[in-house]
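With positions in the sequence shown counted from 1, the corresponding number in this note's numbering is that position plus 68.
Beta carbons are placed, not taken as given, at the ideal position from N, Cα and C, and that holds for glycine.
Each remark here refers to the structure printed beneath this line.
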Amino acid sequence: MNLRSKLLVSFFIFVVALIALGGLSAWRLREMGGVSRRIISNNYDSVVAAQEMKESLERQDSAALFALLGARDKAISQLREHRARFDANFQKAANNITEIGEPQAIEAIRRDRDTYYQIFDAFIAKVESTKRVAPDEELSERNEYFTRLEPQFNKLRSECEHLLQLNQRAMLGKSEAAAGVAQLWFYRTLLIAGVLVAAGLLLAFFLANRIVEPLRQLTATTGKIAGGDLNAKVTVSSRDEVGVLAAEFNRMAERIRQLRSSDMGKLLVAQQTTEAAIDSLYDPVIVTDGEGCVTKLNPAAEEIFGSENENTGKHVGDVARDPRIAGAVAEALESQRPVAAEGVSSILPLAVDGSERAFRLRTTPMRDNGNRLLGAVTLLEDITHLREIDRLKSEFIATASHELRTPLTSVQMGVHLLLEGAAGELNEKQAEVLGACREECERLDKLMRDLLDLSRIEAGESQPELGLVRTCDLIVAEVEGLRPQVETKGLSLQVDAPAGLPAVMVDRSQIERVLANLVLNAIRYTKQGEIRISAEPRGRYVAISVSDTGTGIPQEYLPHIFDKFVQVPGTAIGGAGLGLAISRLIVESHGGQISVQSELGHGSTFTFTLPITG
69 MNLRSKLLVS FFIFVVALIA LGGLSAWRLR EMGGVSRRII SNNYDSVVAA QEMKESLERQ
129 DSAALFALLG ARDKAISQLR EHRARFDANF QKAANNITEI GEPQAIEAIR RDRDTYYQIF
189 DAFIAKVEST KRVAPDEELS ERNEYFTRLE PQFNKLRSEC EHLLQLNQRA MLGKSEAAAG
249 VAQLWFYRTL LIAGVLVAAG LLLAFFLANR IVEPLRQLTA TTGKIAGGDL NAKVTVSSRD
309 EVGVLAAEFN RMAERIRQLR SSDMGKLLVA QQTTEAAIDS LYDPVIVTDG EGCVTKLNPA
369 AEEIFGSENE NTGKHVGDVA RDPRIAGAVA EALESQRPVA AEGVSSILPL AVDGSERAFR
429 LRTTPMRDNG NRLLGAVTLL EDITHLREID RLKSEFIATA SHELRTPLTS VQMGVHLLLE
489 GAAGELNEKQ AEVLGACREE CERLDKLMRD LLDLSRIEAG ESQPELGLVR TCDLIVAEVE
549 GLRPQVETKG LSLQVDAPAG LPAVMVDRSQ IERVLANLVL NAIRYTKQGE IRISAEPRGR
609 YVAISVSDTG TGIPQEYLPH IFDKFVQVPG TAIGGAGLGL AISRLIVESH GGQISVQSEL
669 GHGSTFTFTL PITG
């Protein structure tokens, strides 16, 4: 059966189920209508006839009263009319006997009617005959006959009432029975409809699985083949269009396997060449698939993380000793861009052969010719020797700076004494030269202090002493101390630090130094306009920004602006290029990041982040 026939059969079954349910409901509605008609034909007519007989009987009783009072003609006329109505309705009730006990009631009414008629006719005759006797005797005889007529009237009326109630009770019983049957069939119809709906859903689910399951298998097999598993096949379980498609797909896969087998030797050579190239690298290399699981470790990586056979198939987070490696792999796979962190925080200290070595992390995503992501390659660049050179350089700078401070202090003191007149009064030229010497000595002293601070921070000797600080208080206190310098230069200083900012766990003096460095740089490179300090929460951090309307930074200097001794050509001379480098080290030691956005001629914005407590 083809796919079209399966769909037509399923729809036909649904239509048949709906027709069956509709037919059953229509049949039951027709039957309930018949019950209503039978109630009317069987009992309603008898109820109406009984009520009419009661009314006619009461009219006849009124005629007897008229005759007693002497209105004989009117009494006879009313008697004839309502006796005829009584007999007609009695005949209607007698011809519509449908209930148990109704024949006995009809027979009792017939018997009492005949007796009532006889007594009534005798009463009328007595009224006619007593017109010729004395009035007192006439009234006495009439009363005697009227007294005999009244009990018979009540008895006949009671029999009519009995017939009325008999049919009313029958109507009520049939109505309740019909309501019960209607309710029963309502629930039955509801149950049948529910069963049909459930059966329809099961059938639809079954047919959907029969139709969709081969397509799902075909999709899964396609993914396996796209991933390189050319031995995958689709199970052909039907002969419909999907089955034909699956069979043709298997033929295509077989053809691809044949084509690949012809080039297998070339591919094997290429694979061996690639693996040999990776194995020959001096630096550790970790190759992961698209899920972040390890597929290859070169010998240098095996010395750190263990053998390749033990780690293949494991997630890189379970293999690597530092979570930054797993984080870099995940970021490279997600962003599909190389990840190469810079700064002190990007240096990974790992133990190799019992000694600690320093590595720089580099992670690059791998793609095939179709630009599809295959995985990632992580290179751990061994920079131990560079770190050692940097350490020696820092030690030399620290030692030299320390040793130079004593003679520099002496020179500063001598210049100060000369300016104060210790060697006699100076002429204007001599005072000008000594003033320049004092300024240069102060610059040199600041440079040596910065070099010493930089060396201590890089050596880990100046660890931050963390304490809970309100961000608003930190910013306002430091900025207000710098406000006189800003306003002296004719600049406007704006502070946007809401009181509700989260608190941070920082070394207050170090962060104040960072903030002061950024504000002083803004003062130095801004001729007119304003300097704005703002802060806002940003995820788990507080971001503090210092913006100015100064000259800005050329784009080619932005990537290196936080390096040591970097100065932008053509800007005002005022430092040795260490302030931003020290600021970067301080912020990173607190677990934050510092960045800059700038456009030449439109000012700069320096932003650093601090982690929120908790």
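Residues in the same chain with beta-carbon distance under 7 Å from ALA398, minus the five sequence neighbours each way, listed in chain order, please. GLY360
Extract the residue ranges of the alpha helix (DSSP H) inside the segment 550-594, only unbroken runs of 4 or more that lie entirely within it. 576-592
Selected residue, minimal CA-CA separation from LEU583, among THR677, ILE87, ALA193, ALA266: THR677
So what's PHE630 in DSSP terms, helix, strand or just coil? coil
Beta-carbon separation of LEU234 and GLU175 under 8 Å? no
Tell me whether PRO203 is buried or exposed, calling it buried when 16 or more other Cβ atoms sit within 10 Å of its Cβ. Residue placement at PRO203 cannot be trusted, given a pLDDT of 48 that sits under 50; what the coordinates show is reported in the next sentence. Flag for PRO203 reads exposed.
SER128: buried (16+ other C-beta within 10 angstroms of its C-beta) or exposed? For the record, residue 128 in the displayed sequence is Gln; it is not Ser. Buried is the call here.
Enumerated in chain order, which unbroken segments of the alpha helix (DSSP H) with a length of 4 residues or greater are wholly contained in the segment 274-298? none
From the DSSP output, which residues share a beta bridge with ILE59? Nothing can be reported for residue 59, as the shown portion of the chain is limited to 69 through 682.
Local conformation of ARG178 per DSSP, three classes: helix
Local Cβ density within 10 Å of MET320, reported as buried at 16 or more and exposed below that: exposed
Can you check which of these residues, ILE279, GLU424, THR477, is closest to ILE451 by C-alpha distance? GLU424
Through-space distance from ASP297 to GLU322, alpha-carbon basis: 12 Å
Look at the alpha carbon of ALA760 and the alpha carbon of PHE221, and state the distance between them as a whole number of angstroms. In the structure as shown, the chain starts at 69 and stops at 682, and residue 760 therefore has no counterpart that could be examined.
Contacts around MET239, its chain only, beta-carbon distance under 8 Å, and the 5 residues preceding and following it disregarded: ILE107, ASN111, TYR112, VAL115
Mark PRO219 as exposed unless 16 or more other C-beta atoms lie within 10 angstroms of its C-beta, in which case mark it buried. exposed
Which residues DSSP lists as bridging VAL427, in chain order: Sequence inspection shows Phe at residue 427; the Val mentioned does not correspond to that position. Looking at the DSSP assignment, PHE427 forms a beta bridge with LEU416, ASP450.
Measure the CB-CB distance between ALA565 and ALA603 and report whether it falls below 8 Å. yes
Please state whether DSSP places VAL302 in a helix, a strand or coil. coil
Sheet register partners of VAL547 (DSSP bridge): Answer is none; VAL547 lacks a bridge partner.
Is it buried or exposed, MET481, if we count other Cβ atoms within 10 angstroms and call 16 or more buried? exposed
Using the rule of at least 16 other Cβ atoms within 10 Å of the residue's Cβ for burial, across every protein chain shown, is GLY241 buried or exposed? exposed
The alpha helix (DSSP H) with PRO679 in it runs from where to where? Note, PRO679: premise wrong, no alpha helix (DSSP H); beta strand (DSSP E) at 672-679.
Residue from THR341, ARG307, ALA300 with nearest C-alpha to ARG325: ALA300
Decide yes or no for the touch test of the segment 247-259 against the segment 287-295: beta carbon pairs closer than 8 Å, at least 3 of them. no
Classify LEU668 as helix, strand or coil using the three-state DSSP reduction. coil
Less than 8 Å between the C-beta atoms of GLY268 and ALA117, yes or no? no
Is PHE79 buried or exposed, if buried means 16 or more other CB atoms sit within 10 Å of its CB? exposed
Between which two residues does the alpha helix (DSSP H) containing LEU401 stretch? 391-403
In whole angstroms, give me the CA-to-CA distance for GLU378 and ARG389. 15 Å
Helix or strand or just coil, what does DSSP make of PRO622? coil
Which listed residue (PHE273, PHE633, GLN635, THR594) has its alpha carbon closest to that of GLY669: THR594
In the structure shown, what three-state DSSP assignment does LYS382 receive? coil
Just to confirm, is the Cβ distance from PRO367 to ASP347 under 8 Å? yes
Which same chain residues, not among the five before or five after ILE415, have their C-beta less than 6 Å away from its C-beta? ALA426
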